[in-house]
Amino acid sequence: MGLVVGKHLPVGTRISEGTLSDYLAGLVVTNDVSARDVQLPSSQYYEGKSYPTFTPVGPLLVLLDADELKRFGDLRLKLWVNGELRQNMPVAGDMIYQPLEALQSLARFQRLDAGDLILTGTPVGTAISAPPKAVQTLVSLIPEETKWKLFFQGQSRNPKYLKDGDVIEATVATDGGAIDLGRQRTVVRDAG
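Quick note on the numbering used here: the sequence shown kicks off at 6 and runs consecutively.
Have a look at this one:
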């Protein structure tokens, strides 16, 4: 989910529930693609998320009024890979920061301008996800080098990673369709 800033927010701008619609113009489908083969070995996120075509946006920018913005929690994200449904949950379901909190947090230290795009995060269903707490506890007892070796061996057998030719489709809409950001379709291409 992408939040589109509607007007200039100088550093220190105070935003409340009542003024949120003054600063948030609309919403758009975004797909936060990651090159895990680049990202994981270096534990560095910037390069692994920054290749050309890695954050498709659209197909629609939906401008919302204050009443429509109140329906944010009713939006549902669905994502398919080759027709297999991999993500299906309310967009606000496991968000660390709701739109109000995201703008409040960013405005404390960063200037935002009209048209800036803020990505809200990714729900459960990606090829890689954190293991259950019990597994995390056990793994914390293993030496670091061994832990990473086991992790990469396991990931090399993970069939959910995207491959050349895979088709990703994503939608964000209310269940009744009153707010619908469209259906984004992306075909994966191997740069090599």
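A virtual CB, placed ideally from N, CA and C, is assigned to each residue, including glycine.
For residue j and residue i, the rounded distance between their alpha carbons
{"i": "Leu14", "j": "Gly120", "result": "11 Å"}
{"i": "Gly11", "j": "Leu117", "result": "9 Å"}
{"i": "Ala97", "j": "Ile147", "result": "35 Å"}
{"i": "Thr58", "j": "Val16", "result": "30 Å"}
{"i": "Leu124", "j": "Pro61", "result": "11 Å"}
Three-state class that DSSP yields for residue i in the structure shown
{"i": "Ala43", "result": "Looking at the sequence shown, residue 43 is not Ala but Val. If DSSP states are grouped into helix, strand and coil, Val43 belongs with the helices."}
{"i": "Gly78", "result": "helix"}
{"i": "Pro64", "result": "strand"}
{"i": "Gly159", "result": "helix"}
{"i": "Lys138", "result": "helix"}
{"i": "Leu143", "result": "helix"}
{"i": "Gln92", "result": "strand"}
{"i": "Gly53", "result": "helix"}
{"i": "Ala175", "result": "strand"}
{"i": "Gln1", "result": "The displayed coordinates of the chain run from 6 to 197. Any statement about residue 1 would go beyond what the structure contains."}
{"i": "Thr35", "result": "strand"}
{"i": "Lys168", "result": "coil"}
{"i": "Lys83", "result": "strand"}
Assumed close pair residue i, residue j - CB separation to whole angstroms, cut-off 8 Å
{"i": "Leu167", "j": "Val86", "result": "7 Å"}
{"i": "Leu108", "j": "Ile20", "result": "5 Å"}
Buried/exposed call for residue i, threshold 16 Cβ in 10 Å
{"i": "Leu155", "result": "exposed"}
{"i": "Gly159", "result": "exposed"}
Review point. Using 8 Å as the Cβ pair cut-off and three pairs as the minimum, do the region 78-95 and the region 24-31 touch?
Key: No, the region 78-95 is not in contact with the region 24-31.
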